[in-house]
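Residue numbers (the working numbering): 65 to 496.
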């Protein structure tokens, strides 16, 4: 098991992307036709539905980059890498929300010394709203009775969900790089400060059991918030991950959630701790989660300034998988130090999925910057699929790619640009 008490960011496995020929080799195109070659040409299940010819596109990439064309993978030749976001990419719905809701329903959030101490960006208004709703009767470090105090649960979830108080005041203010972090995402592991990692894992496991047992379409309520009450693994993504691993790929999860929560879920698709990357909290000497997390790209231990979020996902992939240190980890790397396949569903994923050299898999959730890149399809390798369960309706009008789809570092919206600086034209939704 990874030693979580160290401040150094380490993963057990390191991988670099195998060199890719300019065109698909003839052997890759025909190898699967030979029974003798079947073992090194694993196939995606034809029983699982994909949109259009997406299965064929992904299969071609697997054959091109995997053992089908490179039988020495793992035996002198480095493995190609695939990386997936988790929430709404590998599984339907948000497992972090499921864990928070379970924790609120079972009184697992500990009262902090002050709410403002939980985040460097928390406003006085949010500190006051949380203090008023949750009270001060409970001793510091003891569980808040959120199962009965619905106003407290409501306020906590509103801050996490929308970055606002129930009265509509901003919960976070100040300066942060909007492509490196978002305070309400960073706040989730900070909210569990005082717990041990095994404790948080146990909450995630119990929430997982309930979410998988609930019927598709089920909802649950926290205060005045109604949200999905179920989670499902996507069968197509399970099959894709399984096929990639059989074909010789190193497969990773890269999530903007809390790492112990992501690890509870990822192991059921065959991805271990060493291949699960998320917000990694620093622990105190007693092994308890603190409000600090480990950094990336030259950013040291911090209060949330660098998490796996938009450009931060690229940074953690470069640092953890390809062992690129310092500020260079924020930059796009050369072909041999980039993932072959990236999969995601939201703007949070646009940078690392865009870095993939073989295929960019997008589950359409109508997120503007991501869908502008996907539909523009600049390199011809973008693979767009509706969500496999309860897909989103078609977006009306167009994505504002030419004016206001790009998430600027300062939080403003701007045009999405090609690598040469030209503007990506507005795009219509066509895969839904």
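We put the CB at the ideal spot given by N, CA and C, even for glycine.
Please read these numbers as outputs of a predicted model, since none were measured by experiment.
Euclidean distance between Cα positions of residue i and residue j
{"i": "residue 362", "j": "residue 395", "result": "12 Å"}
{"i": "residue 389", "j": "residue 402", "result": "15 Å"}
{"i": "residue 57", "j": "residue 484", "result": "Only positions 65 to 496 of the chain appear in the structure, and residue 57 is not among them; the question remains open."}
{"i": "residue 123", "j": "residue 107", "result": "7 Å"}
{"i": "residue 482", "j": "residue 437", "result": "9 Å"}
{"i": "residue 166", "j": "residue 496", "result": "31 Å"}
{"i": "residue 459", "j": "residue 248", "result": "26 Å"}
{"i": "residue 447", "j": "residue 205", "result": "47 Å"}
{"i": "residue 358", "j": "residue 151", "result": "21 Å"}
{"i": "residue 221", "j": "residue 192", "result": "15 Å"}
{"i": "residue 416", "j": "residue 404", "result": "11 Å"}
{"i": "residue 336", "j": "residue 223", "result": "31 Å"}
{"i": "residue 494", "j": "residue 463", "result": "11 Å"}
{"i": "residue 229", "j": "residue 219", "result": "6 Å"}
{"i": "residue 331", "j": "residue 157", "result": "17 Å"}
{"i": "residue 21", "j": "residue 134", "result": "There is no way to answer for residue 21, as the model of the chain reaches only from 65 to 496."}
{"i": "residue 338", "j": "residue 461", "result": "43 Å"}
{"i": "residue 69", "j": "residue 356", "result": "Only weak support exists for where residue 69 lies, its pLDDT of 42 falling under 50; the value from the coordinates is given anyway. Cα-Cα distance, rounded: 12 Å."}
{"i": "residue 173", "j": "residue 255", "result": "7 Å"}
{"i": "residue 202", "j": "residue 177", "result": "11 Å"}
{"i": "residue 182", "j": "residue 127", "result": "48 Å"}
{"i": "residue 246", "j": "residue 117", "result": "36 Å"}
{"i": "residue 323", "j": "residue 439", "result": "31 Å"}
Residues bridged to residue i [DSSP beta-bridge criterion]
{"i": "residue 290", "result": "285"}
{"i": "residue 260", "result": "352"}
{"i": "residue 148", "result": "317 and 407"}
{"i": "residue 141", "result": "137"}
{"i": "residue 424", "result": "406 and 446"}
{"i": "residue 186", "result": "236"}
{"i": "residue 207", "result": "174"}
{"i": "residue 347", "result": "353"}
{"i": "residue 488", "result": "Per DSSP, none; premise fails for residue 488."}
Same chain only: Cβ atoms within 6 Å of residue i, ignoring 5 sequence neighbours per side
{"i": "residue 198", "result": "208 and 216"}
{"i": "residue 125", "result": "422 and 423"}
{"i": "residue 250", "result": "368 and 371"}
{"i": "residue 231", "result": "none"}
{"i": "residue 211", "result": "169 and 171"}
Cβ-based neighbour list, residue i, same chain, cut-off 8 Å, excluding 5 preceding and 5 following
{"i": "residue 479", "result": "465, 466, 467, 468, 469, 470, 487 and 488"}
{"i": "residue 383", "result": "73, 360, 361, 389 and 393"}
Residue i at chain D interface by Cβ criterion, 9 Å
{"i": "residue 367", "result": "In the structure shown, chain D cannot be found, because there is only a single protein chain."}
Assigned exposure category for residue i - 16 Cβ within 10 Å defines buried
{"i": "residue 288", "result": "exposed"}
{"i": "residue 424", "result": "buried"}
{"i": "residue 74", "result": "Caution is warranted here: a pLDDT of 34 is assigned to residue 74, below 50, making its placement in the model unreliable, and no coordinate value can be reported."}
{"i": "residue 92", "result": "In this prediction, residue 92 scores a pLDDT of 43, lower than 50, which makes its location untrustworthy; no coordinate-derived value is stated."}
{"i": "residue 350", "result": "exposed"}
{"i": "residue 476", "result": "exposed"}
{"i": "residue 473", "result": "exposed"}
{"i": "residue 119", "result": "buried"}
{"i": "residue 200", "result": "exposed"}
{"i": "residue 376", "result": "buried"}
{"i": "residue 144", "result": "buried"}
{"i": "residue 161", "result": "buried"}
{"i": "residue 283", "result": "exposed"}
{"i": "residue 441", "result": "exposed"}
{"i": "residue 238", "result": "exposed"}
{"i": "residue 344", "result": "buried"}
{"i": "residue 110", "result": "exposed"}
{"i": "residue 81", "result": "Because residue 81 sits at a pLDDT of 33, beneath the cut-off of 50, its placement in the model cannot be relied upon, and the following sentence gives the value as read from the coordinates. With 16 or more Cβ atoms within 10 Å of its Cβ, residue 81 is classed as buried."}
{"i": "residue 290", "result": "exposed"}
{"i": "residue 409", "result": "buried"}
{"i": "residue 309", "result": "buried"}
{"i": "residue 227", "result": "buried"}
{"i": "residue 365", "result": "exposed"}
Close-in-space but distant-in-sequence residues of the same chain around residue i (CB under 7 Å, 5 per side omitted)
{"i": "residue 300", "result": "112, 114 and 452"}
{"i": "residue 280", "result": "294, 296 and 453"}
{"i": "residue 180", "result": "186 and 191"}
{"i": "residue 391", "result": "361 and 362"}
{"i": "residue 490", "result": "462, 463, 464, 465 and 466"}
Residue j beta carbon less than 9 Å from that of residue i
{"i": "residue 261", "j": "residue 317", "result": "no"}
{"i": "residue 130", "j": "residue 104", "result": "yes"}
{"i": "residue 163", "j": "residue 264", "result": "yes"}
{"i": "residue 314", "j": "residue 420", "result": "no"}
{"i": "residue 244", "j": "residue 371", "result": "yes"}
{"i": "residue 148", "j": "residue 368", "result": "no"}
{"i": "residue 325", "j": "residue 297", "result": "no"}
{"i": "residue 378", "j": "residue 154", "result": "no"}
{"i": "residue 328", "j": "residue 269", "result": "yes"}
{"i": "residue 398", "j": "residue 434", "result": "no"}
{"i": "residue 272", "j": "residue 159", "result": "yes"}
{"i": "residue 233", "j": "residue 196", "result": "no"}
{"i": "residue 498", "j": "residue 449", "result": "Any answer about residue 498 is impossible in this case: the structure gives the chain only from 65 up to 496."}
{"i": "residue 321", "j": "residue 252", "result": "yes"}
{"i": "residue 374", "j": "residue 341", "result": "no"}
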